[in-house]
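For the sequence shown, our numbering begins at 4 and goes up steadily by one.
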Amino acid sequence: MFIFILINVISFFVCVKIYTSSLNYKYSTVSYLFFCCILVLVVGFRAENVDHDYQNYFNAIYDNTTISEPTFLFFSLVIRNFSLPPAFLFLLYATLGIGLKFWAIRKYSSFQLVALLIYFSNFLLLHEITQIRAGVASGLLLLSFPVLANKCYKQFLLFVFVAALFHFSSLFALLLLPVTNTGLTQKRIVLWGLFPMLGLFLHVFNINVISMIPIDVIREKMQMYKALEEMGEDGFSQVNLFNPYYLFKLGIYYFFLTKYTFFERKDKYFTIYLKIFGLSLFLFPALSSITPLLGYRISELFGIIEIFLFPIACFLFRTHKQSLLVIFLYYSLLMSVNVYHKELIFL
């Protein structure tokens, strides 16, 4: 309950600052770091009854057969050998996951306060509290996307491979290498509009996409997930392709496509952000044909781009107070779904 209250209190102060100043207001470095540190401490030192996976990670520190990522194995080894409290692991992941997101938002977001609200309403709960390894990996990928837009491929690959040390699924980001920040013509806008539909087509007709993947390590990972599904492992066999949240994001995607020319002039990275978002919507149904868990996880990992993309919609509104109303409604909806429906944290 305390984490839920704290996140909402911080979000309230962010909303007040937007209301009394402007959308593009930036906190001082000291204030920004203060909010970051408060969240790191509260999330890192949370009680074991706050989320679903706390006990699983606690057990994995002393049983390395369940998690195989090198960084987790190393952190667990340090904790065991130096007799550190298990809370050290959660504090370390919170520091890295939250710190990387705050850094990325500070460095690249057009509307930092709005980006923070998008982050707090969804990914803070999903990644930093529940999927802590994916939390660090997604922070690194969030930093890598503008790098990819600038065609700094070596730096992008470095981000991806470091992210893979925290969560192997980050290797799927290698699929982004052909994606550029080149503007879209009308024909290409139509093609990108068809992309999520292609994912649905692959799923409905149960087309095996494993053989289409040109990267060996990714293909082998997908084969592993497929084997788990065939064994009937929990969480690997059910998916609702038309769940309200996915349909909601589809609606946002097509809205951005219809207003592409307008938004493309407002943010120099808008094109690549939109393409990555479109890929996340494609991958959810396409990979769910292999196993639902894979579809959810990879779509969520690519979906971290929402932190950069969604605030760009604020350019559409005439006043910052109109924008704040829409942001508040979005925040309330996502927070309610994640807490009361998905139960990412327990109250």
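Think of the CB as a built atom: it goes at the ideal place given N, C-alpha and C, for glycine as much as any other residue. Source: prediction; values computed, not measured.
Scanning Ala50, Thr23, Lys20, Leu103 for the CA closest to the CA of cysteine 39 turns up Leu103. Sequence-distant partners of serine 302 (beyond 5 residues in either direction) whose C-beta falls short of 8 Å from its own C-beta, in its chain, are Ser283, Leu284, Leu286, Phe287, Leu290. Taking a C-beta distance under 7 Å as the contact criterion, alanine 97 and valine 43 qualify as a contact pair. Exclusion of the five residues before and after valine 45 leaves Phe5, Ile6, Leu9 as the residues of its chain whose Cβ lies within less than 8 Å of its Cβ. Close CB contacts of aspartate 56 within its chain, under the 6 Å cut and outside five residues either way in sequence, are with Thr133 (chain order). Judged by DSSP in its simplified three-state form, phenylalanine 16 adopts helix. Judged by beta-carbon spacing, phenylalanine 318 lies beyond the 7 Å limit of lysine 252, meaning their Cβ atoms are not closer than that value. Going by beta carbons, phenylalanine 114 and proline 314 fall inside the 7 Å limit.
Minimum Cα-Cα distance from proline 247 among the listed residues Phe16, Leu336, Thr264 corresponds to Leu336. A contact between stretches requires three or more CB pairs, one per stretch, nearer than 8 Å, and the segment 141-150 fails this requirement with the segment 74-89. Within the segment 6-86, not a single complete beta strand (DSSP E) segment reaches 3 residues in length.
Threonine 74 counts as buried, since at least 16 other C-beta atoms from the protein chains shown sit within 10 angstroms of its C-beta.
When DSSP states are grouped into helix, strand and coil, cysteine 155 belongs to the coil group. Bounds of the alpha helix (DSSP H) holding proline 295 are 295-305.
In the displayed model, isoleucine 210 falls within coil according to three-state DSSP, outside both helix and strand. DSSP places asparagine 341 within a helical segment (H, G or I) once states are collapsed to three. Looking at the backbone, the Cα of phenylalanine 266 and that of phenylalanine 61 are separated by about 45 Å. The residue among Gly281, Leu92, Ile41, Val19 with its C-alpha nearest the C-alpha of leucine 203 is Gly281. Counting other Cβ atoms within 10 Å of its Cβ, glycine 298 reaches 16 or more and is therefore classed as buried.
Residue burial is scored here from C-beta neighbours: phenylalanine 311 has at least 16 other C-beta atoms within 10 angstroms and is therefore classed as buried. When the alpha-carbon of tyrosine 35 is set against those of Leu119, Phe349, Arg136, the nearest one is in Leu119.
Judged by their CB atoms, alanine 166 and serine 172 are not nearer to each other than the 7 Å cut-off. A Cβ-Cβ distance of about 12 Å is found for the pair phenylalanine 175 and isoleucine 307, leaving them out of contact under the 8 Å criterion. Distance check between aspartate 54 and each of Leu26, Thr274, Phe93 places Phe93 closest, using alpha-carbon atoms only.
With fewer than 16 neighbouring CB atoms inside 10 Å of its own CB, methionine 200 falls in the exposed class.
Take phenylalanine 164, set aside five residues on each side of it, and no residue of its chain has a beta-carbon closer than 6 Å to its own. C-alpha of valine 17 to C-alpha of leucine 116: approximately 6 Å in a straight line.
Of the candidates Leu95, Tyr334, Gln325, Ile64, Gln325 places its Cα closest to the Cα of tyrosine 22.
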